[in-house]
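These protein sequence lines map, in sequence, to chains D and U. Reminder that position 58 of the first sequence reads as 58 in our numbering, one-by-one numbering, no gaps. Reminder that position 103 of the second sequence reads as 103 in our numbering, one-by-one numbering, no gaps. Built from N, CA and C at the ideal position, the CB exists for glycine as well. Because the structure is a prediction, the values reported are computed rather than measured. Here is the structure we will look at.
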Amino acid sequence: MSERKTWLLFLSLVFVVVLAACGGNNEPADAGTNNNEAETNNTSESNNNEANEAAGENSEGDYSLAEDQTLIFARGGDSVSLDYASVTDGESSRVTEQIYESLLKFDEDSFEIGPGLAEDWEVLDDGLRFVFQLREGVTFHDGTDFNAEAVKINFERWADPDHEYHFADEGYTYSVYGTQFGGFKGDDGHVIEEINVLGDHEIEFVLNESLGAFLQNMGMSYFSITSPAAFEEYGSAINENPVGTGPFKFVSWSKDDSIVLEKNEDYWLEGYPKLDGVIFQVIPDNSARLTALRSGEIDIMDGLNPDDVEQIEADPELAVFERDTNNIGYLGFNLDKEPFDNPDLRRALNHAIDKETLISLLYAGLAEPATNIIPPSYMGYNDSIDPYAYDPDLAKELLEEAGFGDGLEFDLWTMPVARPYMPDPERAAEVMQANLADVGVTANIVSMEWATYLERTEQGEHDIFMLGWSGTNGDPDYFFGNLLHSGAIPGGNRNFYRSDEVDSLLNQAKNSVDEDERAELYKEVQEIVHEDAPMIPLVHSIPVLAGSERVKNYVPHLSTSEPLTNVELAE
Amino acid sequence: MISYTIRRLLMLIPVLIGMSLITFSIIHLIPGNPAQTILGEQATPQAIEQLEEQLGLNEPYFVQYGNYMMGLLQGDLGTSLRTKASISSEIWPYLAATIELTIFAMVFAVIVGVNAGIISAWKQNSLFDYTSMLIALIGVSMPIFWLGLLEQWIFAQNLGWLPAFGRGNPRDPVETVTNFYLLDSIINGRPDQLWTSFKHLILPGVALGTIPMAIIARMTRSSMLEVLRSDYIRTVEAKGSHTLSVVYRHGFKNAVIPVLTVVGLQTGTLLGGAILTETIFSWPGVGRYVYEAIGNRDYPVIQSGIIVIATIFVFINLIVDLLYTYIDPRIKY
Numbered sequence: 001m002s003e004r005k006t007w008l009l010f011l012s013l014v015f016v017v018v019l020a021a022c023g024g025n026n027e028p029a030d031a032g033t034n035n036n037e038a039e040t041n042n043t044s045e046s047n048n049n050e051a052n053e054a055a056g057e058n059s060e061g062d063y064s065l066a067e068d069q070t071l072i073f074a075r076g077g078d079s080v081s082l083d084y085a086s087v088t089d090g091e092s093s094r095v096t097e098q099i100y101e102s103l104l105k106f107d108e109d110s111f112e113i114g115p116g117l118a119e120d121w122e123v124l125d126d127g128l129r130f131v132f133q134l135r136e137g138v139t140f141h142d143g144t145d146f147n148a149e150a151v152k153i154n155f156e157r158w159a160d161p162d163h164e165y166h167f168a169d170e171g172y173t174y175s176v177y178g179t180q181f182g183g184f185k186g187d188d189g190h191v192i193e194e195i196n197v198l199g200d201h202e203i204e205f206v207l208n209e210s211l212g213a214f215l216q217n218m219g220m221s222y223f224s225i226t227s228p229a230a231f232e233e234y235g236s237a238i239n240e241n242p243v244g245t246g247p248f249k250f251v252s253w254s255k256d257d258s259i260v261l262e263k264n265e266d267y268w269l270e271g272y273p274k275l276d277g278v279i280f281q282v283i284p285d286n287s288a289r290l291t292a293l294r295s296g297e298i299d300i301m302d303g304l305n306p307d308d309v310e311q312i313e314a315d316p317e318l319a320v321f322e323r324d325t326n327n328i329g330y331l332g333f334n335l336d337k338e339p340f341d342n343p344d345l346r347r348a349l350n351h352a353i354d355k356e357t358l359i360s361l362l363y364a365g366l367a368e369p370a371t372n373i374i375p376p377s378y379m380g381y382n383d384s385i386d387p388y389a390y391d392p393d394l395a396k397e398l399l400e401e402a403g404f405g406d407g408l409e410f411d412l413w414t415m416p417v418a419r420p421y422m423p424d425p426e427r428a429a430e431v432m433q434a435n436l437a438d439v440g441v442t443a444n445i446v447s448m449e450w451a452t453y454l455e456r457t458e459q460g461e462h463d464i465f466m467l468g469w470s471g472t473n474g475d476p477d478y479f480f481g482n483l484l485h486s487g488a489i490p491g492g493n494r495n496f497y498r499s500d501e502v503d504s505l506l507n508q509a510k511n512s513v514d515e516d517e518r519a520e521l522y523k524e525v526q527e528i529v530h531e532d533a534p535m536i537p538l539v540h541s542i543p544v545l546a547g548s549e550r551v552k553n554y555v556p557h558l559s560t561s562e563p564l565t566n567v568e569l570a571e
Numbered sequence: 001m002i003s004y005t006i007r008r009l010l011m012l013i014p015v016l017i018g019m020s021l022i023t024f025s026i027i028h029l030i031p032g033n034p035a036q037t038i039l040g041e042q043a044t045p046q047a048i049e050q051l052e053e054q055l056g057l058n059e060p061y062f063v064q065y066g067n068y069m070m071g072l073l074q075g076d077l078g079t080s081l082r083t084k085a086s087i088s089s090e091i092w093p094y095l096a097a098t099i100e101l102t103i104f105a106m107v108f109a110v111i112v113g114v115n116a117g118i119i120s121a122w123k124q125n126s127l128f129d130y131t132s133m134l135i136a137l138i139g140v141s142m143p144i145f146w147l148g149l150l151e152q153w154i155f156a157q158n159l160g161w162l163p164a165f166g167r168g169n170p171r172d173p174v175e176t177v178t179n180f181y182l183l184d185s186i187i188n189g190r191p192d193q194l195w196t197s198f199k200h201l202i203l204p205g206v207a208l209g210t211i212p213m214a215i216i217a218r219m220t221r222s223s224m225l226e227v228l229r230s231d232y233i234r235t236v237e238a239k240g241s242h243t244l245s246v247v248y249r250h251g252f253k254n255a256v257i258p259v260l261t262v263v264g265l266q267t268g269t270l271l272g273g274a275i276l277t278e279t280i281f282s283w284p285g286v287g288r289y290v291y292e293a294i295g296n297r298d299y300p301v302i303q304s305g306i307i308v309i310a311t312i313f314v315f316i317n318l319i320v321d322l323l324y325t326y327i328d329p330r331i332k333y
């Protein structure tokens, strides 16, 4: 028995010593890493200097290429489908953007359109007729020719529910087509009247109503062109066997693991793509993904915790890539419910929210305070509007004037999931709750399952709610038309904002093909909306990715997906 | 014994019908609309309505359940609402990944756990006994995600010895035949890929196997202690047999039944409960498949996934029960 006690004592002693050692280890370890950081910082500076000097001599040759030109892009979730038009998730278009191309192409870092599979185009009859001259000598990955007939088949496939490649029986729907072109064949609002093949490489779209965003739509990854021969061969399994004209060819897909693409040797742009292959790897856990990046197993990762940005910037072997902002996170009022039908109250509350604190607390500074609902880079952004400044005293005063001096209580509906425009909705709600308490307003945080949240806000059951919107084609109508037009009730307009004036301005702008005219109309809309204050615009967030310093020429696009045509890997 | 097996297999039918009914009721009771979830916050009401109709979600529940069960009887597990792929063909790679990981984890757990348990019992109250039982206690109470992240941090990030994610090198993917990567590498005659696949199994396998290992070690120890005190062991020792061979040959054989029960139960649990390990180590297994489906309200995938896991669970238990008779002839069915 005494022997047993001795052992126990000995063991617990060992345990304590081990624990103590663990605790003690922290400090020297930290100091060690600090030293390392200091050292690496120095080397990074000298690297930069060298790089700059080299750049002075030769802008391109300041790095030598790695032998293995296969890039591994890690992300949190898998693609749903590789049939881009039948899904809406960013993880799908991120991959299809490599395999497929659309008629027009967005600029590397903006929504400015340029030639894609169409080399040239004409707008005729006041925007009722569009003629595209298609690029010649382009082949699909299966060797068949790209031509006007292929374009026609693709567009008819989406528009016509009875088309043999529509795959309605297999559950395929093309919701983005419906949104962007006003519905489907036979619907009242469907704008594409007919598509005519004028020649082997010339195609005409005839519209029954002009559509200001038509050309922007043509640049969207949702309207890329699939090989008709592949439809014939794979049928509805086209979602797992993509065949396009893009810089990379599809090789294999092991679900929830990786999608492997290889270089398209016959790509029409001579000398491109630079990479030999791209692998999209799923790593669900954010910290595990960062570990994989640090250990050099992957080259680029999406889904970085904002809090990790600082660490990565300090690491000379890693780089942070910022995506330009293309979204809005907002706090919306339900104008159909008292007392939120009172514009004085809405304006007063606009002064109560501290956007700067939100940005520094939840976005690690990677966001801009919002004044209007469209991102600042958009056509027609009105920068002469004076934002509602954060001023609790003024807010209190205005509340009193509006008759709410004795306080006010309502439910603050909080999103249950993180979105790019709102990385941590729960904490954001707490911050805003505190802001509102400062001006004597009681906000009760309410949350529910995501689909239920969306359905119930669409039905108008809420008081005040958090939500946001992301751009897809760079056209302001996609924001205004969906968030503020009375036609989007029920739908995206969950503020139940109805203004005849705004509706008519938006209709004019939507149907105009004159950019300057459209810009003026949208500016006017923003003035009215600012005055009516149906929502509190919170932030335009800046999504970030992290990558290895070896990744060159990578420019993240606003639309969340970009072709990796120019990217290469340095030694 | 054959009639016993048949009886057990027949019992599978009510079990599966019950499982499917419970699963179906639960997933339709929890709030959330698949069409809305799939299309997200930017979908128009028209688009959602259209998708609901196409997916057959506007039919009454019992019609949906009936359709599903009709398909199941014909061996059709249904079609995923989200990916539009047939679940029967989609689920196999996930299942194979999980089975491979589970087997690896259990082999690790059994080898380490059983030996630690036996030696602890043999050298009761020794330093080895205390240390291994302390480790077992820590192992049982260690959160898997924490252990997993710790492993990654040490062995992948700092030492760079082992890969932190996936089943193989994405730059050199294993050509799949059976979807068991170890087996496929051998079939393809690629010893290098065999080694790579093995290395990928180590961290998640150890993380997943730690809890069962601890449970097995403790079970083996207590079961062995009982056996070692019995008369026949004393008789064998009196006849002058070498001690270690007594412990392993005569002792363990009689202590193995409770251990086997634990192994069977743990294997079943691992099959369905490896979600955390699969998430941390990016292991494309069936736990993650079902988990993602729950998030997306992909009803057919949830139902079929659970039914497949339940079936395997039942089979494992049957195999364990049959093994009893082989190990201990006194047990008869």
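{"query": "Pick from D/Ser-236, D/Ser-210 and D/Tyr-388 that is closest to U/Ser-86, judged by C-alpha positions", "result": "D/Ser-236"}
{"query": "Anticipated Cβ contact below 8 angstroms, D/Ile-99 with U/Arg-171, distance rounded", "result": "Contact flag wrong, Cβ pair sits at about 19 angstroms."}
{"query": "Below-7 angstroms beta-carbon distance, U/Ser-304 vs any chain D residue", "result": "no"}
{"query": "Runs of alpha helix (DSSP H) lying entirely within the stretch 51-98 of chain U, each at least 4 residues, in chain order", "result": "61-73"}
{"query": "Given 8 angstroms, three or more beta-carbon pairs between the stretch 62-73 of chain D and the stretch 188-208 of chain D", "result": "no"}
{"query": "Chain D within 7 angstroms of U/Ala-43, Cβ atoms only", "result": "yes"}
{"query": "D/Ala-367 versus D/Asp-344 - alpha carbon distance", "result": "28 angstroms"}
{"query": "Where D/Ser-46 sits in the DSSP three-state scheme", "result": "Since pLDDT at D/Ser-46 reaches only 38, below the 50 mark, its modelled position is unreliable, and the value read off the structure follows with that caveat. Helix, per DSSP."}
{"query": "Whether U/Ser-304 touches U/Gly-78 by CB criterion (7 angstroms)", "result": "yes"}
{"query": "Cβ pair D/Tyr-330, D/Leu-538 closer than 7 angstroms", "result": "yes"}
{"query": "Neighbour-count burial assignment, U/Asn-158, 16 or more Cβ in a 10 Å radius", "result": "exposed"}
{"query": "Beta-bridge pairing of D/Ala-546 - partner residues as DSSP gives them", "result": "D/Met-301 and D/Val-320"}
{"query": "Check whether U/Leu-72 and U/Pro-34 have beta carbons under 7 angstroms apart", "result": "no"}
{"query": "Three-state secondary structure assigned by DSSP to U/Tyr-130", "result": "helix"}
{"query": "Nonlocal neighbours in the same chain, by C-beta distance under 6 angstroms from U/Gln-152, ignoring five residues either side", "result": "Ala-164"}
{"query": "Alpha helix (DSSP H) runs wholly inside the stretch 409-487 of chain D, at least 4 long, in chain order", "result": "425-438, 450-458 and 476-483"}
{"query": "Start and end residues, alpha helix (DSSP H) containing U/Ala-214", "result": "191-228"}
{"query": "First and last residue of the uninterrupted beta strand (DSSP E) at D/Ser-541", "result": "535-541"}
{"query": "Integer Cβ distance of U/Phe-128 from U/Ile-119, believed to fall under 8 angstroms", "result": "6 angstroms"}
{"query": "The stretch 319-328 of chain D touching the stretch 88-104 of chain D, judged by at least three CB pairs closer than 8 angstroms", "result": "no"}
{"query": "For U/Trp-122: DSSP bridge partner residues", "result": "Partner(s): none; U/Trp-122 has no beta bridge."}
{"query": "CB contact check: U/Gln-64 to chain D, cutoff 7 angstroms", "result": "no"}
{"query": "Exposure of D/Ala-429, with buried meaning 16 or more beta-carbon neighbours within 10 Å", "result": "buried"}
{"query": "Cβ of D/Asp-162 within 7 angstroms of any chain U Cβ", "result": "no"}
{"query": "Element boundaries [alpha helix (DSSP H), containing D/Lys-396]", "result": "392-401"}
{"query": "Closer than 7 angstroms at the beta carbon, the chain U residues around D/Glu-170", "result": "Lys-84"}
{"query": "Per DSSP, cross-strand counterpart(s) of D/Ala-570", "result": "D/Leu-65"}
{"query": "Outcome for D/Ile-536 when other beta-carbon atoms lying within 10 angstroms are tallied against a minimum of 16", "result": "buried"}
{"query": "Closest Cα partner of D/Ile-192 within the set D/Ala-288, D/Trp-158, D/Glu-91 and D/Ser-221", "result": "D/Trp-158"}
{"query": "Length of the line joining the Cα atoms of D/Glu-265 and D/Glu-136", "result": "17 angstroms"}
{"query": "Cβ pair count under 8 angstroms reaching 3, the stretch 22-40 of chain U against the stretch 442-453 of chain D", "result": "yes"}
{"query": "Below-7 angstroms beta-carbon distance, D/Ile-72 vs any chain U residue", "result": "yes"}
{"query": "D/Arg-419 versus D/Asp-83, D/Val-282, D/Asp-89 and D/Ile-72, residue with shortest Cα-Cα distance", "result": "D/Asp-89"}
{"query": "Contact list for U/Gly-143 against chain D, beta-carbon separation under 9 angstroms", "result": "The sequence as given places Pro at residue 143 of chain U; Gly does not occur at that position. Chain D residues near U/Pro-143: none, gap ~14 angstroms exceeds 9 angstroms."}
{"query": "Minimum C-alpha distance to U/Val-114 - residue among U/Val-301, U/Arg-288 and U/Pro-258", "result": "U/Pro-258"}
{"query": "Whole-angstrom distance between D/Asn-239 and D/Ile-385, CA atom to CA atom", "result": "46 angstroms"}
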